[in-house]
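Numbering (the UniProt record's numbering), first residue to last: 1 to 317.
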């Protein structure tokens with residue numbers, strides 16, 4: 001049985017919603033909640049913090065101009081506000097695991113801010129999803145230990161499981177996606193998973209099967225992670241436009257009509273943001289992912305003499 005202290009620590013990271021508590025004497029996990037935690041009074045100092053939050057939000061809007069994708073702006077804004085609060089209060093705060101576009105845009109802005117120091121961690125050098133630690137330079141003196149690794153092992157020789165299978169099983173325990181980093185497949189042995197340290201014990205107890213394969217989970221040191229650079233195949237295509245329906249259909253070797261159908265179903269993403277329009281323009285450096293098909297990165301783009309586009313495509317195998 002999970003101890004009360006561990007269950008209390010795991011609660012904020014799970015999908016289960018916490019209902020409003022009308023009774024101040026309500027007991028959660030044998031701990032009485034203080035009435036101040038339910039309906040805190042707004043003191044003069046509290047009003048000052050509200051004004052400070054408004055000022056930070058205004059500054060964040062200015063910093064975000066011309067930076068990032070629309071889909072990630074709110075996340076980046078939240079990170080900027082968090083960094084400024086941490087700096088002003090001389091404390092250190094941490095984000096969840098961020099997608100590459102949000103991570104990149106956040107780093108670009110945070111590096112411009114005075115009195116804000118930032119560390120990025122994903123568990124290994126080539127990590128795709130990373131967490132940020134932010135705070136005042138005097139408070140953030142060392143790289144915090146905010147990423148843990150878990151080995152998920154089982155006999156996958158006869159029933160191979162994909163990245164999606166492992167992720168689906170992990171999320172099936174109630175953990176939200178942002179608490180999980182990269183998943184490194186280990187072939188017949190299973191997978192290594194990066195996640196927030198607070199959930200290692202919970203997942204060790206809760207995850208007992210991936211697909212139809214029984215598994216065991218065990219915490220492992222980051223230095224023991226086994227990973228290889230992704231295998232890719234590079235080729236070129238010449239297209240009349242840089243629309244996603246043209247570029248992605250060529251990159252994934254499927255018909256344009258099928259690609260349009262995948263977009264309609266919400267199965268196509270650019271830089272981890274779901275695409276809803278067939279005529280979305282693609283640029284060099286963009287990452288296109290299609291559910292069940294994999295990922296495709298756009299390399300160098302050159303315009304031909306006839307006004308078409310010679311596009312370098314990098315397909316992840």
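Glycine is no exception: its CB is placed at the ideal position from the N, C-alpha and C atoms.
Separation of residue j from residue i, as counted between CA atoms
{"i": "residue 308", "j": "residue 251", "result": "16 Å"}
{"i": "residue 53", "j": "residue 234", "result": "For residue 53, the pLDDT reaches just 43, beneath the cut-off of 50, and the residue's location in the model is therefore unreliable, leaving the point undetermined."}
{"i": "residue 56", "j": "residue 83", "result": "Caution is warranted here: a pLDDT of 45 is assigned to residue 56, below 50, making its placement in the model unreliable, and the coordinate value is therefore given only provisionally. Roughly 10 Å between the two C-alpha positions."}
{"i": "residue 157", "j": "residue 280", "result": "41 Å"}
{"i": "residue 187", "j": "residue 160", "result": "7 Å"}
{"i": "residue 241", "j": "residue 257", "result": "16 Å"}
{"i": "residue 243", "j": "residue 199", "result": "41 Å"}
{"i": "residue 201", "j": "residue 155", "result": "22 Å"}
{"i": "residue 277", "j": "residue 125", "result": "35 Å"}
Extent of the continuous beta strand (DSSP E) run through residue i
{"i": "residue 235", "result": "232-239"}
{"i": "residue 149", "result": "148-153"}
{"i": "residue 119", "result": "117-121"}
{"i": "residue 107", "result": "No beta strand (DSSP E) contains residue 107, which is instead part of the alpha helix (DSSP H) from 100-110."}
{"i": "residue 133", "result": "131-135"}
Residues of its chain near residue i, where Cβ-Cβ distance is below 7 Å and the 5 sequence neighbours each way are ignored
{"i": "residue 139", "result": "90, 91, 92"}
{"i": "residue 271", "result": "69, 101, 286, 287"}
{"i": "residue 153", "result": "189, 190, 215, 216"}
{"i": "residue 87", "result": "115, 116, 135, 136"}
Within 9 Å, strictly: CB atoms of residue i and residue j
{"i": "residue 193", "j": "residue 224", "result": "no"}
{"i": "residue 123", "j": "residue 102", "result": "no"}
{"i": "residue 268", "j": "residue 291", "result": "yes"}
{"i": "residue 313", "j": "residue 236", "result": "yes"}
{"i": "residue 119", "j": "residue 181", "result": "no"}
Nearest-angstrom Cβ-Cβ length linking residue i and residue j, presumed shorter than 8 Å
{"i": "residue 163", "j": "residue 132", "result": "Their Cβ separation, rounded to whole angstroms, is 23 Å, which puts residue 163 and residue 132 out of contact at 8 Å."}
{"i": "residue 263", "j": "residue 282", "result": "Contact flag wrong, Cβ pair sits at about 13 Å."}
{"i": "residue 222", "j": "residue 170", "result": "Contact doesn't hold; Cβ gap of about 18 Å is too wide."}
{"i": "residue 289", "j": "residue 220", "result": "That pair is no contact at about 28 Å."}
Chain-order list of residues whose beta-carbon lies under 6 Å from that of residue i (same chain, five-residue window excluded)
{"i": "residue 316", "result": "230, 232, 294, 295"}
{"i": "residue 238", "result": "308, 310"}
Unbroken alpha helix (DSSP H) run spanning residue i, endpoints
{"i": "residue 192", "result": "Counting along the chain, residue 192 falls outside any alpha helix (DSSP H), though it belongs to the beta strand (DSSP E) covering 190-195."}
{"i": "residue 94", "result": "Run containing residue 94: none in the alpha helix (DSSP H); it sits in the beta strand (DSSP E), 92-94."}
Proximity test, residue i beta-carbon vs the ligand GTP heavy atom, cut-off 8 Å
{"i": "residue 216", "result": "Of ligands this structure carries none, so the ligand GTP is not represented either."}
Sequence-distant residues of its chain with Cβ nearer than 8 Å to residue i (five each side left out)
{"i": "residue 301", "result": "242, 283, 284, 309, 310, 311, 312"}
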